[in-house]
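To keep things clear, I will list the structure first and then write my remarks on it.
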Amino acid sequence: MTHVYETRGSLRVLETAAAWTLGLLWLLPLAYAIWTAFHAGEYSTRFVPTAPLTLANFVTAWHAAPFARYFVNTVLLVTMILAVQLVLVTLAAYAFARFEFPGRGVLFALVLIQLMVMPDVLIVENYRTMGTLGLKDTILAIGLPYMASAFGIFLLRQTFKTVPRELDEAARMEGCSPLQVLWKVYVPLARPVYLAYALVSVSYHWNNFLWPLIITNSVGSRPLTVGLQVFSATDQGIDWSIITAATLLTTAPLLIAFLLFQRQFVQSFMRAGIR
Amino acid sequence: MTRSAQWLYGWLLLLPAMALLALFTHYPAVATLWHSFFSTPKGARPAVFVGLDNYRQLGEDPIFWQALTNNLWFALGTIPASIAIALLMAVWVNGKVAGRGFLRLAYFTPTVLPMIAVANIWLFFYTPEYGLLEQATGALGFGTHNWLGSKSTALACLMVVTVWKEAGFFMIFYLAALQSMSPHLAEAAAIEGASRWHFFRRVTFPLLMPTTLFVLVNAVINAFRLVDHVVVMTRGGPDNATSLLLFYIYEIGFRFWDSAYAAALTMVLLGVLGLAALAQFWFLDRKIHYQ
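First to last, the sequence lines map onto chains V and H.
The numbering of the first sequence is this note's numbering, which starts it at 1127 and goes up by one.
The numbering of the second sequence is this note's numbering, which starts it at 298 and goes up by one.
Right, here's the structure in full:
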C-alpha cells in the first residue's frame, strides 16, 4: 500500500473529520431505529440518555404477527434457492468452461441476457406462468424464476477457466468420469467463489420483496419482507416503536451474521464483483 | 473423449439451467411482446388482437409519461451521487484514516439491510412533526414540512434513501480495484512531482474506469429495477410524483389487473434496459483502456 500521497497535518485532520462525519451520518438512521425499538413509545422522539431500556416492543411485535412462520418461510426459501442454484450453476459453468459443442456461443449469449432482463421486471408474465403451473402462493413459486442464475454461471465459468488443464487431464488418466473430475478437481478449487456467491445469493433473496409480494397471498408462504410490510401497512399506523422493533427483528439474523463475518462478507462482495 | 461425447456432455450439463432460463426469462420476455398486441381478457370475453392499441394508449397516458420522467430524474439524481460518494468512501477507507475498520462497517451496513426495512426506518425519519428530520429542522427554527407528502420533495426523499443504501455497495468494488493497484505508480508519480489531485485525475481515475463502468451498469439497472421503497414509503404518491416505471407496471398489472397494458409498459422497461446494455458494449469497445 502506498503512503506517498497520504495527507499530513491539518489537511489530514480535516479529511478524517469528513470521513467520520459521513460515517456517523450513514449510521444515523439505523441508530435512530435501534433507539426507538429499545425504548418506550414516549421516548421515541425524546433523546434522554437516562431513558429506561425495554424489550416490550419486541415482545409486542412478535405476538402481533406470525413472524415465527415468516422466519421459517424465508429460511426455507433462501436454502432452497441456494441449493438448486449451486447445482445448476456448477453444471452449466462446467459445460461452458470445458466442453466443445455446437451452439455454445449462442447459448452463452442467451444466458447473459438474464443479467439485463431479470425476473424482477418480468412479473406480469411470470405470474401468469405460475398460475398455469398451479404454483401461485407457494414458496417454490417465489424461488423458481431465480434458480438458474446467469450471474452465478458467469462467475463460476470464469473461475473454472483458470483451473490448469493438466489437473483435469491427470484426473482423467486415472479413470475419472467428467462428473468425477468436476467434483474432485473443479469444485474444491472454486470454494472461495462458492462462498462469495452463496453470501450474495442469500442476502439478495432474504431481502427480495416485489416478486414475493405479488406471488404470495397467505401466511403459509410469505417471506419476512412481505410479512413485515403487511404488518406495518395495516393498523399499526402510528406506533413507531413497535414497527421499528419488528423491522429490526426481521433483519437481525442477517445483520448479526454480517457483523460476525464482516470481513468475509466484504471480501465476497469484492470477489463477486471482479469480472 | 470423442467429439460426439463432448457434444452430448455439454448439452446435458446445460439442460437443467437452460430449461429454467427458457421458462422464466426467455419465454416471458417473448410472451410480453406477444400479449402487448392483445386486449386483456375480461370474464367471458377472451383476449382479441388489437394491434398497437396498447401502445397508442401508452402514448396518451399522462401517468405513464410522468412515471417515465420520474424514473429518468430518479436515475439522474441517484447514479452520479452514489458513484461519487462511493469513490470518496473507497479512497478514504483505502488510506490510513483513523478508525478505518469502523468506517468501512458504517458505510457498508445499509447494503446488507433489506430495502423494505430501510424504507420503514426512513419513513419514520421523514414523519411529519415526530420524525427526526422534522425535529432537526424545528430546532433550527424552520417551519414544519411534510417531506413525503408534498410533490416537490417526495421524489428527492426517495433518492436520498437510495443513495444512502447503494453508495456502500459500490464502495466495495472501488476498494477492491484500489487495493489491486500497484504502489509503484504512486511512487513514480511522486518522484515526477505530480500533485495528489493530479495523480488521482490522470492515473487513479482512468485505471478505475472498468470498475466505474461495472458500477454504472449496476446502478442503471437498479434505478429501474428497485421499487420496494416506493411501495413502502409513498405508494407512488402524492399525485403520482414518485411513481417509477416498474411501480406503475405493478399497479396496472396487480391492482387494476390490466395485464395487456402492463405488457406494453413492460416492453418500454425492457427497451430501457436493452439500451443500457447496448451502451455498455459500445463503451467497452472504445472508451475503456484495460491495464
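Glycine is no exception: its CB is placed at the ideal position from the N, C-alpha and C atoms.
Less than 7 Å between C-beta atoms, sequence neighbours within five positions excluded: which residues of the same chain meet that for residue i?
i, result
"Glu1251 of chain V", "none"
"Val460 of chain H", "Thr375, Ala378, Ser379, Ile382"
"Gln1240 of chain V", "Ala1276"
"Tyr420 of chain H", "The sequence shown places Leu at residue 420 of chain H, not Tyr. Val529, Met530, listed in sequence order."
"Met1402 of chain V", "The first residue shown for chain V is 1127 and the last is 1401, placing residue 1402 of chain V beyond what the model contains."
"Val354 of chain H", "Per the sequence shown, the amino acid found at residue 354 of chain H is Gln instead of Val. For Gln354 of chain H, where only same-chain residues beyond five positions count, the Cβ hits under 7 Å are Tyr558."
"Asp1246 of chain V", "Leu1336, Trp1337"
"Leu1214 of chain V", "Met1273, Ala1274"
"Leu1234 of chain V", "It should be pointed out that residue 1234 of chain V corresponds to Phe in this sequence rather than to Leu. Excluding sequence neighbours, Phe1234 of chain V sits near Phe1222."
"Thr1162 of chain V", "Ser1170, Trp1366, Ser1367, Thr1370"
"Phe1164 of chain V", "Leu1179, Thr1180"
"Pro407 of chain H", "Val415, Trp461, Lys462, Gly465"
"Cys1302 of chain V", "Lys1310"
List the residues of chain H that residue i touches, going by C-beta distances under 8 Å, in chain order.
i, result
"Arg1230 of chain V", "Gly307"
"Gln1390 of chain V", "Result: empty, since nearest Cβ-Cβ is about 12 Å, beyond 8 Å."
"Met1299 of chain V", "The contacting residues do not exist; Met1299 of chain V stays about 13 Å from chain H at best."
"Leu1315 of chain V", "In chain order: nothing, as chain H lies at least about 18 Å away."
"Ser1329 of chain V", "Val409"
"Val1215 of chain V", "Ala314"
Am I right that residue i and residue j are in contact with their C-beta atoms under 8 Å? What's the rounded C-beta distance?
i, j, result
"Asn1183 of chain V", "Ala1359 of chain V", "With 8 Å as the limit, Asn1183 of chain V and Ala1359 of chain V do not qualify as a contact, their Cβ atoms being about 18 Å apart."
"Val394 of chain H", "Thr1142 of chain V", "5 Å"
"Phe496 of chain H", "Ala486 of chain H", "5 Å"
"Leu402 of chain H", "Gln1388 of chain V", "6 Å"
"Val514 of chain H", "Gln577 of chain H", "5 Å"
"Ala538 of chain H", "Glu463 of chain H", "At roughly 22 Å, the Cβ-Cβ gap does not stay under 8 Å, so Ala538 of chain H and Glu463 of chain H are not in contact."
"Tyr404 of chain H", "Gly1149 of chain V", "6 Å"
Just to confirm my understanding: we take residue i, look at its own chain, exclude 5 residues before and 5 after, and list those with CB closer than 8 Å. What are they?
i, result
"Leu1238 of chain V", "Ala1276, Phe1280"
"Leu475 of chain H", "Ala387, Val388, Asn391, Thr501, Leu505"
"Phe371 of chain H", "Leu452, Leu455, Met456, Thr459, Ala520, Leu541"
"Phe580 of chain H", "Leu510"
"Ile1207 of chain V", "Gly1269, Tyr1272, Met1273, Ser1327, His1331"
"Ile360 of chain H", "Asn537, Ser540, Tyr545"
Anything in chain V within Cβ reach of residue i, meaning under 9 Å, just list it in chain order.
i, result
"Gly550 of chain H", "Ile1249, Val1250, Tyr1253, Ile1340"
"Ile360 of chain H", "Going along chain V, no residue has its Cβ under 9 Å from Ile360 of chain H, so there is no contact; the nearest lies around 17 Å."
"Leu513 of chain H", "What Leu513 of chain H touches in chain V: nothing, since even the nearest Cβ is about 13 Å away."
"Gln303 of chain H", "Phe1225, Glu1226, Phe1227"
For a contact meaning CB atoms closer than 9 Å, what does residue i contact in chain H?
i, result
"Tyr1312 of chain V", "Those within 9 Å of Tyr1312 of chain V in chain H number zero; the least Cβ separation is about 12 Å."
"Gly1353 of chain V", "Under the 9 Å cutoff, chain H gives no residues; its nearest Cβ is about 10 Å from Gly1353 of chain V."
"Asp1365 of chain V", "Simply none; closest approach about 11 Å."
"Glu1141 of chain V", "Trp389, Gly392, Val394"
"Gly1257 of chain V", "In chain order: nothing, as chain H lies at least about 11 Å away."
Looking at the ligand SAH, does it come within less than 6 Å of residue i, judged from the CB to the closest heavy atom?
i, result
"Gln1355 of chain V", "Among the components modelled here there is no ligand, and therefore nothing to report on the ligand SAH."
What residues in its chain sit with their C-beta under 6 Å from that of residue i, if we drop five residues either side in the sequence?
i, result
"Phe502 of chain H", "none"
"Thr1376 of chain V", "Leu1350, Leu1354"
"Gln303 of chain H", "none"
"Asn351 of chain H", "Ser333, Ala557, Tyr558, Ala561"
What residues from chain V crowd round residue i, counting only those whose CB sits closer than 7 Å?
i, result
"Asp525 of chain H", "Phe1335, Leu1336"
"Val529 of chain H", "Gln1355"
"Phe578 of chain H", "What Phe578 of chain H touches in chain V: nothing, since even the nearest Cβ is about 11 Å away."
"Ala574 of chain H", "Met1242"
Check the Cβ of residue i against every Cβ in chain V and list those closer than 8 Å, keeping chain order.
i, result
"Asn351 of chain H", "Ordered by position in chain V, no residue passes the 8 Å Cβ test against Asn351 of chain H, which lies about 12 Å from the chain."
"Ala520 of chain H", "Those within 8 Å of Ala520 of chain H in chain V number zero; the least Cβ separation is about 12 Å."
"Ala453 of chain H", "Those within 8 Å of Ala453 of chain H in chain V number zero; the least Cβ separation is about 16 Å."
"Phe399 of chain H", "Gly1149"
"Leu318 of chain H", "Leu1236, Val1237, Gln1240, Ala1274, Ala1276"
Could you tell me which chain H residues have their CB closer than 7 Å to the CB of residue i, listed as they occur along the chain?
i, result
"Ser1344 of chain V", "Those within 7 Å of Ser1344 of chain V in chain H number zero; the least Cβ separation is about 16 Å."
"Thr1373 of chain V", "Ala414, Asn417, Ile418"
"Pro1304 of chain V", "Tyr306"
"Tyr1196 of chain V", "The contacting residues do not exist; Tyr1196 of chain V stays about 12 Å from chain H at best."
query: For the region 1266 to 1286 of chain V, which residues have a beta carbon sitting closer than 7 Å to at least one beta carbon of chain H?
result: Leu1270, Pro1271, Met1273, Ala1274, Ile1279
task: Output, in sequence order along the chain, the residues in the region 364 to 395 of chain H whose CB is closer than 9 Å to any CB in chain V.
output: Ile382, Leu385, Met386, Trp389, Val390, Asn391, Gly392, Lys393, Val394, Ala395
message: Taking beta-carbon pairs under 9 Å, can you tell me which members of the region 401 to 415 of chain H lie near chain V?
response: Arg401, Leu402, Ala403, Tyr404, Phe405, Thr406, Pro407, Thr408, Val409, Leu410, Pro411, Met412, Ile413, Ala414, Val415
Inter-stretch contact (C-beta, 8 Å, three-pair minimum) for the region 1255 to 1264 of chain V and the region 1311 to 1324 of chain V: no
- prompt: Are the region 1173 to 1188 of chain V and the region 1327 to 1342 of chain V touching by the rule of at least three beta carbon pairs closer than 8 Å?
  reply: no
- prompt: Below 8 Å, can you find three or more Cβ-Cβ pairs linking the region 412 to 428 of chain H to the region 456 to 473 of chain H?
  reply: yes
message: With three or more beta-carbon pairs closer than 8 Å as the criterion, would you say the region 478 to 489 of chain H touches the region 562 to 580 of chain H?
response: no
query: What residues in the region 539 to 572 of chain H bring their beta carbon closer than 8 Å to a beta carbon of chain V?
result: Leu543, Ile546, Tyr547, Gly550, Phe551, Ser556, Ala559, Ala560, Thr563, Leu566, Leu567, Leu570, Gly571
field: Residues within the region 496 to 512 of chain H neighbouring chain V, beta-carbon criterion of under 7 Å
entry: Phe496, Phe511
query: Does the pairing of the region 1222 to 1239 of chain V with the region 1278 to 1293 of chain V give three or more beta-carbon distances under 8 Å?
result: yes
query: Quick one: any contact between the region 332 to 345 of chain H and the region 1341 to 1350 of chain V, if contact means 3 or more CB pairs under 8 Å?
result: no
field: Residues in the region 323 to 343 of chain H having any Cβ partner in chain V nearer than 8 Å
entry: His323, Tyr324, Pro325, Ala326, Ala328, Thr329, His332
task: State whether the region 542 to 551 of chain H contacts the region 520 to 527 of chain H, with contact taken as three or more CB pairs (one from each stretch) at a distance under 8 Å.
output: yes
- request: Check distances from the C-beta atoms of the region 414 to 445 of chain H to those of chain V and list, in chain order, the residues that come in under 7 Å.
  value: Ala414, Asn417, Ile418, Trp419, Phe421, Phe422, Tyr427, Leu429, Gln432
field: Stretch pair the region 1154 to 1162 of chain V + the region 420 to 434 of chain H: three plus CB contacts closer than 8 Å
entry: yes
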